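Each residue of the sequence shown is one higher than the one before, counting from 0 in numbering that gives the first Met the number 0.
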Amino acid sequence: MRVAIIGQGYVGLTIAVGAAGAGHTVIGFDVNKTLVDQLNQGHSHIEGISDSAIIGFIGNGTYKASSDPSVLEGAEVIVIAVPTPLDEKRNPDLSFVHDAAELIAKNVKTSALIVNESTSYPGTLRKEIAARITGVDHLFASSPERVDPGNTEWGTKNTPRLIGGLTSAAVAKARDFYASFCDSIIEVSSPEVAEAAKIFENTFRQVNIALVNEFAQISDALGISSREVIEAAATKPYGFMEFKPGPGVGGHCIPVDPSYLAHVANEVGVPATFIKRANEVNLAMPAYVVKRVVAANGGSIAGKSVIVVGVAYKADVADTRETPASAVIDMLREQGAIVMWHDDLVGNWRGESSAPLVAHEIAVVVTRHDGVSDAAIKASKYVFDCTGTVPGVDGI
Ligand SMILES: NC(=O)c1ccc[n+]([C@@H]2O[C@H](COP(=O)([O-])OP(=O)(O)OC[C@H]3O[C@@H](n4cnc5c(N)ncnc54)[C@H](O)[C@@H]3O)[C@@H](O)[C@H]2O)c1
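1. Considering only the alpha carbon of each residue, which of E333, A311 and G27 lies closest to G302?
2. Would you check whether ligand 1 has a heavy atom nearer than 6 Å to the C-beta of E144?
3. Let me check you understand the geometry: is the CB of F95 closer than 6 Å to at least one non-hydrogen atom of ligand 1?
4. Please list, in chain order, all residues of the same chain as P246 whose beta carbon is under 8 Å from its beta carbon, the five residues on each side excluded.
5. Is P390 near ligand 1, in the sense that its beta carbon is under 6 Å from a heavy atom of that ligand?
6. Please classify F176: is it buried, with 16 or more other beta-carbons within 10 angstroms of its beta-carbon, or exposed?
7. Figure out for me which residue from C252, V305 and G387 has the closest Cα to the Cα of R320.
8. In whole angstroms, what separates the C-alpha of V382 from that of G20?
9. By the 10 Å Cβ neighbour count, where 16 or more other Cβ atoms means buried, how is D50 classified, buried or exposed?
10. Could you compute how far the alpha carbon of Y396 sits from the alpha carbon of D182?
11. DSSP has K63 in a bridge; who is on the other side?
12. Give me, in chain order, the residues of the same chain whose beta-carbon lies closer than 6 Å to that of A209; leave out the 5 immediate sequence neighbours on both sides.
13. Give the single residue among A375, T133, G134 and I306 whose Cα lies nearest to the Cα of A354.
14. Tell me, which residues are paired with T384 by DSSP?
15. Considering V81, what are the terminal residues of the alpha helix (DSSP H) in which it resides?
16. Taking the C-alpha atoms as reference points, what is the distance between A64 and A18?
17. Do you know offhand how far A173's Cα is from D36's?
18. I need the boundaries of the beta strand (DSSP E) containing F139, first residue and last residue.
19. Roughly how many whole angstroms lie between the Cα atoms of H97 and A3?
20. Going by beta carbon distance, what residues of the same chain come within less than 7 Å of H233, once the five residues before and after it are set aside?
21. Is V81 near ligand 1, with its Cβ less than 6 Å from a heavy atom?
22. Using a 10 Å radius around the Cβ and a threshold of 16 neighbouring Cβ atoms, would you call D404 buried or exposed?
23. Tell me, which residues are paired with L331 by DSSP?
24. Within 6 Å: the Cβ of D29 and any heavy atom of ligand 1?
25. Am I right that I260 and I198 are in contact with their C-beta atoms under 8 Å? What's the rounded C-beta distance?
26. State the DSSP-derived secondary structure class of I4, mapped to helix, strand or coil.
27. Tell me the rounded alpha-carbon separation between G27 and I5.
28. From the DSSP output, read off the bridge partner residues of V107.
29. E351 bridges to which residues according to DSSP?
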């Protein structure tokens with residue numbers, strides 16, 4: 000099939016590679032011209048997708064990036080994979096989705112299957128996308144992306160794929176397309192069910208992470224290790240699922256998607272109390288981390304040198320979106336500490352560069368990438384570990 004993918008970020012490029020690998024002819028469309036040029040020169044910007052994979056697909060004619068919207072015309076399948084962030088009031092910002100729909104409406108005059116993979120609230124495909132693309136007899140389906148960047152066990156191929164369509168013809172066409180590179184396709188009765196399933200999955204994680212973060216604070220006050228308790232609880236073979244405490248939640252999904260659900264809940268007059276409370280608990284974790292560090296250092300860290308280890312939002316990725324490291328660093332600086340950070344995967348961030356991981360008075364481990372040794376972390380006099388991976392030090 001001739002496939003066009005709108006957005007060549009984490010999700011769009013991952014799908015592009017999956018589809019090109021299945022032998023489809025893929026156009027990766029993105030408004031970011033620099034990114035398009037980089038991709039066409041064979042440079043991947045996503046961990047887990049190698050330059051050589053991109054070069055191979057360009058070489059055999061199954062992949063090309065473009066910033067020219069006229070390439071969308073004639074595609075049999077068009078996938079939308081654009082950002083769905085929150086605005087300054089933490090309400091859904093669907094402007095990228097609307098732009099993508101308008102691009103299709105303007106440029107595509109031949110009937111196609113249009114699939115939305117961007118995460119959004121139930122009703123997005125029907126009301127925010129299909130309603131804006133009129134005059135051509137397109138098929139519309141929702142297939143929310145579940146990719147977990149950096150996860151080597153679960154990828155596009157073996158993660159079951161949900162599909163909900165506006166018509167049964169749309170579902171059948173979407174099944175044909177995704178079955179060519181995904182092992183398991185699960186059809187649901189409507190796009191709204193598929194959309195809601197995705198945000199409910201992430202809300203489930205957000206609420207459980209908040210619960211375990213609150214529990215970590217209770218445990219510490221009781222003088223017991225939350226991690227030992229969680230490990231003990233996880234020996235129960237049924238009815239318990241292990242979540243681990245940390246410095247907060249980051250990335251494009253867990254801190255954002257639940258607010259999409261809260262937004263529609265509010266519209267239909269049902270209070271989303273768990274989401275609200277989970278947000279509060281998770282957003283307060285950086286302050287808790289800094290409070291513990293200050294308390295363990297005699298009540299003041301003014302003038303002390305601190306290295307924050309790992310600023311990406313999770314291990315083994317270079318993504319700093321919504322990372323709790325940002326608030327941890329700001330709050331350490333508000334306490335008068337001299338703060339540097341070390342993260343070779345991230346390199347440059349917020350106008351600063353990664354510092355070498357050498358001995359400081361204090362080390363705060365926010366994210367632990369593979370290859371960062373215990374010895375390098377423990378070179379600092381006092382270590383506070385938010386990851387539970389450095390043996391024999393203070394932490395959550
Ligand atoms: N990153 C993840 O782990 C993940 C996982 C599952 C779902 N999602 C969801 O998938 C969607 C995309 O996320 P992402 O992480 O790939 O975002 P991203 O920021 O990595 O990439 C989005 C890309 O879309 C491009 N873009 C924006 N507007 C465009 C337009 N009108 N036309 C063409 N290109 C446009 C941007 O330039 C960017 O390259 C979001 O809804 C997100 O919530 C992300």
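Quick reminder that beta carbons are idealized off the backbone N, C-alpha and C, glycines included.
Keep in mind the model is a prediction, meaning the values are calculated, not measured.
Let me spell this out:
1. E333
2. yes
3. yes
4. M284, P285, V288, P323, A324, V327, V365, C385 and I395
5. no
6. buried
7. C252
8. Each residue's alpha carbon lies about 45 Å from the other.
9. exposed
10. Nothing can be reported for residue 396, as the shown portion of the chain is limited to 0 through 395.
11. I26
12. A277, V280 and N281
13. I306
14. The question names Thr, but residue 384 is Asp in the sequence shown. V364 and G394.
15. Taken as a continuous stretch (DSSP letters only), V81 belongs to no alpha helix (DSSP H), as it is neither H nor E.
16. If you take the alpha carbons of A64 and A18, they lie about 14 Å apart.
17. 29 Å
18. Per DSSP, F139 is one residue of the beta strand (DSSP E) stretching across L138 to S141.
19. 17 Å
20. Rather than His, the amino acid found at residue 233 in this sequence is Ala. Contacts found: F239 and E241.
21. yes
22. Only positions 0 to 395 of the chain appear in this structure, which leaves residue 404 out of reach.
23. Partner(s): none; L331 has no beta bridge.
24. yes
25. Sequence inspection shows Leu at residue 260; the Ile mentioned does not correspond to that position. Sure, about 5 Å apart at Cβ, within 8 Å.
26. strand
27. 6 Å
28. According to DSSP, which records beta bridges pairwise, V107 is partnered with nothing at all.
29. According to DSSP, E351 bridges with W348.
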